[in-house]
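Undergrad: Dropping a structure here in structure tokens format, bear with me for questions.
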């Protein structure tokens with residue numbers, strides 16, 4: 008029997024590199040705010056509760072997500088890291104018994120099939136936590152996944168700055184998406200310390216704490232590394248949007264729509280097109 012599922016979506020980042028007054032997750036991707044794309048995917052998992060952690064412009068988030076009746080909001084007044092952001096969701100989830108999926112609000116390419124596979128593996132394995140990973144062509148800057156053996160449980164997540172030359176050669180990286188047993192997540196969060204250059208509480212430290220406690224931590228690989236890409240700049244926003252547009256075009260082609268010169272056709276996420284329609288170049 009499947010355990011209940013809740014979701015925490017981290018959307019409190021300022022996105023300074025976006026150079027915009029608009030909160031980063033509210034920037035549009037294929038005709039809708041990025042956060043709406045993420046919540047729309049997560050909502051298909053039918054989690055009991057979706058907690059969106061925001062820091063400012065709450066009213067705009069509420070407007071963007073008004074159609075999702077399972078969404079609740081938590082406020083991160085001080086931006087003290089991803090671990091601290093999940094702590095802000097605890098009052099809404101303190102009585103929840105089940106598993107908690109944690110997703111970043113700037114990852115609009117995540118597919119429901121990937122998240123479902125992540126949750127299913129986590130629940131079947133009985134792991135304390137399960138990390139969504141991917142094989143990155145250039146893993147520089149990412150935390151590396153060190154497994155006990157090939158395809159086995161996670162032994163460690165090593166950040167770039169701490170990795171040996173051998174570990175830096177590993178191309179399996181931490182995507183920043185996780186599933187945790189709720190009963191273990193919040194006690195572990197309370198053990199975090201801001202002993203780092205940024206004086207922040209890092210969610211990435213939680214799997215390490217669980218491993219040190221002797222708890223099993225699993226990993227599921229997303230086959231397409233682009234799916235895990237986050238957005239931190241306008242350049243990355245454009246790259247992610249083009250990848251999503253390519254996916255949308257392919258979906259319509261497979262559904263019986265003819266696109267003349269597909270790269271010149273721009274279709275937003277929620278557009279419906281009937282079979283045998285021919286869409287001319289832009």
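Numbering (my numbering), first residue to last: 8 to 289. Just so it is clear, CB atoms sit at the ideal spot from N, CA and C, and this is done for glycine as well.
Leaving aside the five residues before and after residue 44 along the sequence, list all residues of the same chain whose C-beta is less than 7 Å from its C-beta, in chain order.
TA: Only 36, 115, 276 meet the Cβ criterion.
Undergrad: Which whole runs of the beta strand (DSSP E) in the stretch 152-224 are 3 residues long or more, in chain order?
TA: As far as the stretch 152-224 is concerned, its whole beta strand (DSSP E) runs of at least 3 residues are 161-165, 179-188.
Undergrad: Taking only the alpha-carbon atoms, compute the straight-line gap between residue 199 and residue 280 and give it to the nearest angstrom.
TA: Roughly 50 Å separates the two Cα atoms.
Undergrad: Among the residues of its own chain, which have a CB less than 7 Å from the CB of residue 9, if the five just before and after it don't count?
TA: Cβ within range, chain order: 130.
Undergrad: Where are the alpha helix (DSSP H) runs, 4 residues long or more, that stay fully inside the stretch 42-127, in chain order?
TA: 65-71, 89-94, 97-100, all fully within the stretch 42-127.
Undergrad: For the candidate residues 263, 89, 32, whose alpha-carbon lies nearest to that of residue 69?
TA: Out of 263, 89, 32, 32 has the C-alpha closest to the C-alpha of residue 69.
Undergrad: Could you give the uninterrupted runs of the beta strand (DSSP E) lying entirely in the stretch 223-260, keeping only those of 3 residues or more?
TA: Correct list: 224-229.
Undergrad: Rounded to whole angstroms, what's the CA-CA distance from residue 96 to residue 87? Just pull it up for me.
TA: Roughly 14 Å between the two C-alpha positions.
Undergrad: Do the CB positions of residue 67 and residue 30 come within less than 9 Å of each other?
TA: Yes, the pair counts as a contact, with Cβ atoms nearer than the cut-off.
Undergrad: Tell me whether residue 21 sits in a helix, a strand or coil according to DSSP, three-state version.
TA: The answer is coil: DSSP assigns residue 21 none of H, G, I, E or B.
Undergrad: Pick helix, strand or coil for residue 271, following the three-state DSSP scheme.
TA: It is helical.
Undergrad: In the DSSP assignment, what are the bridge partners of residue 284?
TA: BP columns for residue 284 are empty, so no partner.
Undergrad: Going by C-alpha distance, which of 225, 165, 205, 60 is nearest residue 20?
TA: Answer by Cα proximity: 60.
Undergrad: How many angstroms separate the CA atom of residue 212 from the CA atom of residue 51?
TA: Approximately 29 Å between the Cα atoms of the pair.
Undergrad: If you draw a straight line from the alpha carbon of residue 271 to that of residue 107, how long is it in whole angstroms?
TA: So the alpha carbons of these two residues sit roughly 40 Å apart.
Undergrad: Could you tell me the boundaries of the beta strand (DSSP E) in which residue 136 lies?
TA: Run containing residue 136: 136-142, per the beta strand (DSSP E) assignment.
Undergrad: Determine contact between the stretch 149-156 and the stretch 166-181, defined as no fewer than three beta-carbon pairs at a distance below 8 Å.
TA: Segments in contact, yes.
Undergrad: Looking at the strands, I want to know which residues DSSP matches up with residue 40.
TA: DSSP, once it has assigned bridges, lists 35 as partnering residue 40.
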